[in-house]
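Accompanying notes for the structure given below.
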Amino acid sequence: MDHTRTPFLDAVDRYHRDNRYGFTPPGHRQGRGVDARVTGILGMDPFRCDLLASGGLDDRKSSGHYLAQAEELMADAVGASSAFFSTCGSSLSVKAAMMAVAGGCEGGLLVGRDSHKSIIAGLIFSGVQPRWMTPRWDAQRHISHPPSPRQVEEAWQQHPDAAGALIVSPSPYGTCADIGAIAQVCHRRGKPLIVDEAWGAHLPFHEELPTWAMDAGADVCVVSVHKMGAGFEQGSVFHLQGDRVDPARLSACADLLMTTSPNVMVYAAMDGWRRQMVEHGHELLSRALDLAEQVRGEIADIPDVQVMESELLGAEASHDLDRLQVLVDVSQTGTSGYQAADWLRQHKQLDLGLSDHRRFLATMSIADRDLTVERLLGSLSAWRAAAEDFSRPRPLYLPSPHQLQLESVMLPRDAFFGPTDTVAIGEAAGRIAAEQVTPYPPGIPVVVPGERLTSPVLEYLRSGVKAGMMVPDPADSSLETMRVTAER
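Pasting the structure below:
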């Protein structure tokens with residue numbers, strides 16, 4: 467296919483050149499009605515490109531097929547059979563994949579317990595029974611690794627009637643599962659594998675990056691172009707190959723969840739990013755990988771700071787690592803990742819993508835240059851000097867790996883939508899959770915609706931909040947109280 471073409475992006479350009487005007491939404495009429503105080507900050511360009519997709523950019527029948535053409539080009543660029551664009555992020559895309567594979571199946575879905583909160587939301591919406599696969603836990607370094615092929619095999623032996631399996635890879639830390647071996651385990655049973663690869667949009671375009679899920683044999687792969695690509699926030703693509711998942715059913719499930727008013731700028735940016743990566747992606751990623759290697763080496767020279775790499779790989783750890791994700795352990799400095807992130811934002815106007823009680827994560831991308839790397843390294847040197855005067859972080863109580871595994875006693879949907887009580891946190895042990903509790907980022911729930919709460923997990927969460935952990939989803943984010951299922 468001709469990858470110099472950008473059918474959706476070109477349609478936006480043509481709309482402006484044709485001097486079109488619509489008596490349709492959006493009501494701001496390409497910015498004409500927007501308060502000057504708003505355009506003074508945002509400019510006019512976002513509003514000029516905020517167009518009605520059908521009956522505006524295209525005709526009322528969408529006979530130009532701009533989106534379909536852009537999706538075909540995207541699929542061809544990465545070797546998938548089909549691609550579907552989403553303006554609602556991978557949070558929507560993964561829900562659509564789950565519903566297409568497991569909706570209405572009493573056997574449920576094999577799901578990694580290290581899944582993002584959007585996957586838990588998919589379980590709640592769909593009523594699918596999760597068959598949890600426990601991630602591997604490094605008790606020394608306080609980090610989890612994706613389930614291994616052996617664990618997936620064991621899960622199939624326990625739940626042979628499950629409709630399919632869902633794995634998150636890469637993790638928010640850049641660690642990757644052995645997707646090829648896991649796909650083989652699933653396919654021997656004729657079952658599909660969904661991979662939530664939200665952090666892997668760039669993987670198809672460079673051989674030094676971890677293997678892309680489609681190349682490894684996954685049936686459905688969900689990627690967030692906005693995370694590691696060059697698209698707008700909320701831009702996501704889900705890819706399909708093989709015959710284990712019905713494309714019409716997948717499309718129908720996405721249509722149930724999708725907005726009927728998509729932002730055409732999100733579509734257009736993904737169309738343009740695909741062309742950019744086909745033409746220049748290898749070169750851009752080579753430069754990004756070189757810069758990441760430089761960053762890793764120079765951060766490693768900072769006293770008492772460890773750049774995690776070999777520790778994340780191995781037989782009992784992860785299969786591969788995206789080295790554009792620079793994970794830094796600061797625990798030997800006597801301070802926390804939360805403190806580092808807060809100090810860098812306040813004093814150096816520098817934001818980090820993730821922090822926890824002992825680490826922070828700096829994500830490199832094709833946009834970084836020598837100047838941005840110098841800013842990062844200089845800021846980290848200043849942080850390390852300032853950290854000598856930081857107060858000691860609040861202690862975090864961390865249960866054993868076994869204690870972190872809560873018993874699932876109800877469907878997440880039933881627990882979430884059923885009658886609830888609100889109880890003091892000290893009275894919640896033994897009750898069944900009716901809400902998610904998710905440290906964010908990275909967005910992996912510690913508590914899922916339908917799980918029986920325990921004192922060790924509640925103590926971990928309370929101590930985490932006091933230490934700086936952010937938990938945005940419970941009704942009471944201070945965790946003084948919790949929503950639990952009503953006792954009959």
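In this text, residue positions in the sequence shown follow the numbering used here: the first is 467, and each later residue adds one.
The beta carbon of each residue, even a glycine, is placed where N, CA and C say it ideally should be.
In three-state DSSP terms, what is residue i?
i      : result
GLU917 : strand
ARG949 : strand
THR641 : strand
SER857 : coil
PHE826 : strand
ARG602 : strand
ASP662 : strand
CYS463 : As displayed, the chain neither begins before 467 nor continues past 954, which places residue 463 out of reach and without an answer.
ASP939 : coil
LEU820 : strand
SER866 : coil
ASP627 : coil
ASP524 : strand
GLY738 : helix
ILE648 : helix
ASP709 : coil
Of the residues the options, which one's Cα is nearest the Cα of residue i?
i      : options                           : result
VAL544 : ASP681, LEU787 and MET731         : ASP681
GLY884 : ILE648, ALA852, GLY666 and ILE590 : ILE590
LYS932 : SER943, ALA679 and ASP939         : SER943
ARG480 : TYR532, LEU750, ARG526 and SER845 : TYR532
ALA477 : ALA735, ILE507, GLN805 and LEU755 : ALA735
ALA714 : TYR863, ALA566 and LEU523         : ALA566
LEU518 : PRO612, LEU793, GLY493 and SER857 : GLY493
LEU790 : MET694, ALA853 and ASP511         : MET694
GLU777 : LEU793, ILE507 and HIS625         : LEU793
LEU723 : SER592, ARG710 and LEU820         : SER592
MET599 : LEU632, GLY530, ILE765 and MET540 : LEU632
TRP603 : GLY780, GLY800, ASN729 and ILE832 : GLY780
ARG526 : GLU538, SER547, THR490 and PHE550 : THR490
ASP939 : VAL914, LEU539 and ARG918         : VAL914
SER584 : CYS554, GLY573 and GLY574         : CYS554
GLU572 : ALA667, SER528 and PRO626         : PRO626
PRO464 : ALA952, ILE910, ARG486 and VAL950 : Since the first residue of the chain shown is 467 and the last is 954, residue 464 is not available in this structure.
ALA766 : LEU843, SER821 and ARG655         : LEU843
ARG483 : GLY499, VAL560 and CYS515         : CYS515
SER831 : ASP817, GLU917, THR886 and ALA696 : ALA696
GLY896 : PHE882, VAL875 and VAL912         : VAL875
ASP426 : VAL771, ALA852, THR947 and LEU837 : Since the first residue of the chain shown is 467 and the last is 954, residue 426 is not available in this structure.
VAL923 : VAL839, ALA643, HIS611 and PRO865 : PRO865
Under the assumption that residue i contacts residue j (Cβ atoms under 8 Å), give the Cβ distance between them as a whole number of angstroms.
i      : j      : result
PHE474 : ASP737 : 4 Å
PRO908 : GLY930 : With 8 Å as the limit, PRO908 and GLY930 do not qualify as a contact, their Cβ atoms being about 13 Å apart.
SER556 : VAL689 : 7 Å
GLN902 : ILE586 : 6 Å
THR677 : GLY640 : The pair is not a contact, with the Cβ atoms about 14 Å apart (cut-off 8 Å).
PHE671 : MET743 : 5 Å
ILE648 : PRO615 : 5 Å
MET467 : ARG740 : That pair is no contact at about 11 Å.
GLU775 : LEU787 : 7 Å
By the DSSP assignment, the alpha helix (DSSP H) with residue i in it spans what residues?
i      : result
PRO908 : Per DSSP, PRO908 belongs to no alpha helix (DSSP H) and is neither H nor E.
ARG498 : Unbroken run through ARG498: none, as it is neither H nor E.
GLY578 : Premise fails: GLY578 lies in the beta strand (DSSP E), 575 to 578, not in any alpha helix (DSSP H).
THR838 : 836 to 852
PHE489 : First-last for PHE489: undefined, no H or E at that position.
ASP880 : 878 to 883
LEU589 : 583 to 592
VAL691 : 691 to 694
HIS813 : 803 to 814
LEU508 : 502 to 508
TRP622 : 615 to 624
MET467 : Premise fails: MET467 is in no alpha helix (DSSP H) and is neither H nor E.
ALA667 : Premise fails: ALA667 is in no alpha helix (DSSP H) and is neither H nor E.
ASP685 : Counting along the chain, ASP685 falls outside any alpha helix (DSSP H), and DSSP gives it neither H nor E.
Could you give the residue range of the beta strand (DSSP E) that holds residue i?
i      : result
ALA631 : 631 to 634
LEU872 : Element bounds for LEU872: n/a, residue is neither H nor E.
THR886 : 886 to 890
PRO713 : Careful: PRO713 lies outside any beta strand (DSSP E), inside the alpha helix (DSSP H) at 713 to 723.
LEU705 : Before going on, a small fix: residue 705 reads as His here, not Leu. Where HIS705 is concerned, the enclosing beta strand (DSSP E) stretches over 702 to 706.
VAL903 : Here VAL903 belongs to no beta strand (DSSP E), and DSSP marks it neither H nor E.
MET599 : 596 to 599
HIS611 : 609 to 611
Measuring from the CB of residue i, is there a heavy atom of the ligand FMN at a distance below 7 Å?
i      : result
HIS672 : Absence of the ligand FMN from the depicted structure is noted, as is the absence of any ligand whatsoever, leaving it without description.
_So within the stretch 761 to 798, which uninterrupted alpha helix (DSSP H) runs reach at least 4 residues, ignoring any that extend past its ends?_
Counting only runs of at least 4 residues, the stretch 761 to 798 fully encloses no alpha helix (DSSP H) element at all.
*Uninterrupted alpha helix (DSSP H) stretches inside the stretch 532 to 581 (no shorter than 4 residues)*: Segments of the alpha helix (DSSP H) lying fully in the stretch 532 to 581: 532 to 544 and 555 to 568.
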